[in-house]
Amino acid sequence: MKRVALTIMAAAALTGCNAYGDGMGNILRGTGIAAPEADYDVPYVPTPEPVVDAMLDIADVRRGDMLIDLGSGDGRIAIAAARRGANASGVEIDPALVERARRNAALLGLEEQARFSRANLFDIPLRDASVVTLYLLPRINLALRPRLLTEAKPGTRIVAHAFDMGDWRPDAERLVGDRRIYLWIVPGVAGGEWRVTMADGRTAMLTLDQRFQDVTGTMDGVAVTGGLRGTALRLVAGGRVLTGAIGDDGITGEGWRAVRTS
Numbered sequence: 007m008k009r010v011a012l013t014i015m016a017a018a019a020l021t022g023c024n025a026y027g028d029g030m031g032n033i034l035r036g037t038g039i040a041a042p043e044a045d046y047d048v049p050y051v052p053t054p055e056p057v058v059d060a061m062l063d064i065a066d067v068r069r070g071d072m073l074i075d076l077g078s079g080d081g082r083i084a085i086a087a088a089r090r091g092a093n094a095s096g097v098e099i100d101p102a103l104v105e106r107a108r109r110n111a112a113l114l115g116l117e118e119q120a121r122f123s124r125a126n127l128f129d130i131p132l133r134d135a136s137v138v139t140l141y142l143l144p145r146i147n148l149a150l151r152p153r154l155l156t157e158a159k160p161g162t163r164i165v166a167h168a169f170d171m172g173d174w175r176p177d178a179e180r181l182v183g184d185r186r187i188y189l190w191i192v193p194g195v196a197g198g199e200w201r202v203t204m205a206d207g208r209t210a211m212l213t214l215d216q217r218f219q220d221v222t223g224t225m226d227g228v229a230v231t232g233g234l235r236g237t238a239l240r241l242v243a244g245g246r247v248l249t250g251a252i253g254d255d256g257i258t259g260e261g262w263r264a265v266r267t268s
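Numbering (my numbering), first residue to last: 7 to 268.
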């Protein structure tokens, strides 16, 4: 486990997050009552190498990825990612561990691919990450959850060792000995109202409620269920399956498209 000494302000401690609501404006609907200001101090316990490898495997870390390790300790996760061809950035509050991580990367000639900085992990921008790794206490995972859902790009892979994200169901889990690792794929924003146009010109109104990667709703009064994996959307409406991808211009699928109306 990574050693992190940090102060989390009440507004960040959204441990009861209920994401998503109807579109980005309500993406954190029902976040619950903010907790009082609290101090967290997570002792540093190194992640075993087999677990490091499994974390990178479950996230399919590869060349071209940008991995951010929150609470990077001696740098082993970021360095292992760099050895797979990824660019990696480790964030750690303990200056001695930051220096150790930099030395470890330099010994392998990976100081350009695996960089380390001393910072509060709640201050680190997440937008450029394609993979985020963490081994932190449950309350810190939950406090980070709103940022992971709203600041990381849809499709970003989140991997945690030992502790989950509360009621955000993981997309995959794996056991390594007696240690559990979790994978989440940051979902796109599907909640809201959409105007659907089919290939033959027929139109329909689609209303979706979203909770993390799960969606329910109606399409012209017909019940809809479905889910997201990143920007990939799959809906079942009246026995009909619709698949598509959520983009800046709406949802584009095979034989249909949709534009947001709210």
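C-beta: ideal position from N, C-alpha, C; glycine also.
Identity of the residue in F169, D170, R133 nearest R153 by Cα: R133
Terminal residues of the alpha helix (DSSP H) in which E109 lies: In the sequence as presented, Glu is not what sits at residue 109; that position holds Arg. Its alpha helix (DSSP H) spans residues 101–113.
For a test of the three-state rule: what should DSSP assign to F122, helix, strand or coil? strand
By DSSP, does A196 sit in helix, in strand, or in coil? coil
According to the neighbour-count rule (16 or more other Cβ atoms, all chains shown, within 10 Å of its Cβ), is M30 buried or exposed? Caution applies to M30, whose pLDDT of 32 falls short of 50 and renders its modelled position unreliable; the value that the coordinates give is listed next. When all chains shown are included, M30 counts as exposed.
Closest by C-alpha distance to A196, when choosing among L140, R217, G244: R217
Within the same chain, show all residues whose beta-carbon is closer than 8 Å to that of A60, passing over the 5 residues directly before and after it, in chain order. R180, V182, I187
For L113, count neighbouring C-beta atoms within 10 Å of its own C-beta (all shown protein chains included) and say buried if the count is 16 or more, exposed if not. exposed
Quick check on this structure: which residue in E157, E117, R89 has the alpha carbon closest to the alpha carbon of I130? E157
Short of 6 Å in beta carbon distance, which residues of its chain neighbour A243, apart from the five on each side in sequence? Order them along the chain. M225, V228, V230
Given a cut-off of 8 Å on the beta-carbon distance, is the pair P52 and G79 in contact? yes
Which of helix, strand or coil does DSSP assign to A40? Confidence in A40 is poor, its pLDDT being 33 and thus under 50, which makes the residue's placement unreliable; the coordinate value appears in the next sentence. Coil, per DSSP.
Where M72 falls: helix, strand or coil (DSSP): strand
In the DSSP output, what is I252 paired with across the bridge? I257
Taking the alpha carbon of R175 as the reference point, which residue from L150, I191, T162, D66 has its own alpha carbon closest? I191
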